[in-house]
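Have a look at the structure below before the remarks.
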Amino acid sequence: MNFLDELYLEKNMSGTSTGTMWLSGKGKKQLLVVSPVDGEAFANITTASTRNYEQVLEQAQKAFPIWRSIPAPGRGEIVRQIGLRLRDFKLPLGTLIAYETGKPLQEGLGEVQEVIDICDYCVGQSRMLYGMTTVSERPSHRLFEQYHPLGIVAIITAFNFPVAVWGWNAMIAAICGDVTVWKPSSKAPVSAIALQKIVAGVLEQNDLPEGIFSLIIGDRATIGERILEDKRIPLVSFTGSVTAGRIAAQKVAERLGKTILELGGNNSIIVTEFADLKLAVPAIVFGAVGTSGQRCTTTRRLFIHESCYSKVKDHLCRAYASLKVGNPLLEANHMGPLIDKNAVKAYRQAIKGITKQGGKILFGGNVLKKKEYASQCYVEPTLAEVKSHFPIVREETFAPILYLISYVGTVENAITMNNEVDQGLSSAIFSTNLNQIETFLSAKGSDCGIANVNIGTSGAEIGGAFGGEKDTGGGRECGSDAWKSYMRRQTVTVNYGSELPLAQGIRFKIE
Ligand code: UN1
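Residue numbers (our numbering): 11 to 521.
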């Protein structure tokens, strides 16, 4: 496999790096990485020990004052070089992501592009870390805010976006003057190693010290828990399930650390009687089967107005029948495998739940068995007819299962159903009616962090703040003013006069 060589990857690798250096040792736990594409064990990673963890943290602590002292545009220059270098490695890295996670090559390439985009974005943002100035109530006083680097930021990422989510966090943190320690998912560690090696090239060229960008691959008990409890880490950015995020948030809160949480979604599209189906159908299909239904932004629920329900259902059944499932490295295939056999088990259980709770499978519902599916991770993209209140519909099953739900009456009825789940990440409406669109976007509309009009729920651009409400965790990453979470805010009042007036008009005199 050429892409592995092009990325300087070997079969046996260390999973711990402080930048350009890789830490290793004997007797540590090995992590065998199996591709869901063909079931081949293609890498063996030595995971981090508790001693490695300490080494990484100590190095990060040393690097922080050095990195912090480089003016922000200088840090932006390093990020610019990372973006340039990523362009050179886009094809092999995109291919590796596809091979390691099972997402189609196009989506793997798109993911690398997402990191390139955030690098470009951060170059500009590095000159715009501004605070506001306001007026003081006191004469000859100036009142303003400024932002300073926080320190060590831990980034815990999931398997489904093994490099993009690092990019959103690490590149923003870097321009903010923070150093980062990245714990990727043990289900997609090789993409993380490849990315670390690409970044290392830039660190080397610029003679930067170890500890600015660190990588630490290890299990939850050895590494994850330590990060959550470590007071040296003021901010933990966590992407993962609601269950794991809830535990992480509690642990970090106990030591009064900060978190950015990007947890589960249960995203819906509303198709009203005024929808343009030419736009809606492909958006729905991509939203539901992209990354095999394993994006946090995946379209899971579809609320279709009763007047066009059977038409939309027919369109979707036809579209699903034309989908090709297979090796995601082959461009003809629309959907690859799920991440592993456990994910297939969850898919199977959900299918059982649907029929048990009174739903009907309209398309798919089976695990694929032919020779080309020998890894046993391939499933059929699935359409199911259900009712919104079914317990299974309230859950986020990380699989390509789309729930079709008919609604009657006004768009408000569909919005109510959109909002009645615990999660609140992404939502969309397909309509050409201004009243419906603006109702969906109004305060009584969608309660999600993302609300789209005439586009699907997934595939957000990096320029906006990314994240959601309720059980999705409330965090915001990526663009807009998300950078502020990676810095500490300081309110400054300067007295340049010769008197000492107190605020609120308080009188206080000493002899
Ligand atoms: C995720 O699934 O955790 O909006 C992130 C999207 C991608 C990111 C998804 N840009 O679908």
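Idealized CB from N, CA, C, for every residue including glycine.
Proximity of the beta carbon of F408 to the ligand UN1 is not indicated: no heavy atom of the ligand is located closer than 7 angstroms. In this structure, DSSP gives T105 a helical state, which the three-state scheme calls helix. Taking each of L340, T407, Y413, A453 in turn and checking the Cα distance to E117, the smallest one comes out for L340. In the DSSP assignment, Y330 falls within the alpha helix (DSSP H) that extends over 319-331. A Cβ-Cβ separation of about 15 angstroms leaves A409 out of contact with V396 under the 8 angstroms criterion. For S468, the shortest separation between its Cβ and any heavy atom of the ligand UN1 lies below 7 angstroms. Counting only runs that start and end inside the stretch 441-472, the beta strand (DSSP E) elements of at least 3 residues fall at 460-463. Between C327 and L393, the C-beta spacing is below 8 angstroms.
Set against 7 angstroms, the gap from the CB of E509 to the closest heavy atom of the ligand UN1 is not smaller. Shortest Cα-Cα distance from E239 to any of F248, G228, A263 involves A263.
Apart from sequence neighbours up to five positions away, the residues of its chain that approach R236 with a beta-carbon distance below 6 angstroms are Y63, ordered along the chain. The residue among E16, P347, R137 with its C-alpha nearest the C-alpha of L115 is P347. A Cβ-Cβ contact shorter than 8 angstroms links L160 with P244. The shortest CA-to-CA distance from P401 to any of R152, N170, G369 is the one to G369.
Judged by DSSP secondary structure, F74 falls within the alpha helix (DSSP H) whose first and last residues are 60-79. A distance below 7 angstroms between beta-carbons, with the five flanking residues on each side excluded, links I233 to the following residues of its chain, in chain order: A58, Y63, K193, I226.
Shown here, Q433 sits in a strand according to DSSP, grouped into three states. Under the three-state reduction of DSSP, L412 is assigned to strand. With a minimum length of 3 residues, the unbroken runs of beta strand (DSSP E) contained wholly in the stretch 219-278 fall at 223-226, 245-249, 268-272. Not a single heavy atom of the ligand UN1 lies less than 7 angstroms from the C-beta of E264.
With respect to the C-alpha of C132, the residue from Y506, C488, V502, K519 having the closest C-alpha is C488.
Where Q359 is concerned, the enclosing alpha helix (DSSP H) starts and stops at 351-366.
Here E405 is buried. Its C-beta has 16 or more other C-beta atoms within 10 Å. Contact fails between the stretch 500-507 and the stretch 308-320, because fewer than three Cβ pairs, one in each stretch, are under 8 angstroms apart.
Distances taken from the Cβ of A168 to the heavy atoms of the ligand UN1 include one shorter than 7 angstroms. For Y131, no pairing in a beta bridge is given by DSSP. Ranked by Cα distance from S34, the first of V44, N22, R486 is N22.
Beyond the five residues adjoining it in sequence on each side, V125 comes within less than 7 angstroms, by CB distance, of L96, V173, A174, G177 in the same chain, given in chain order.
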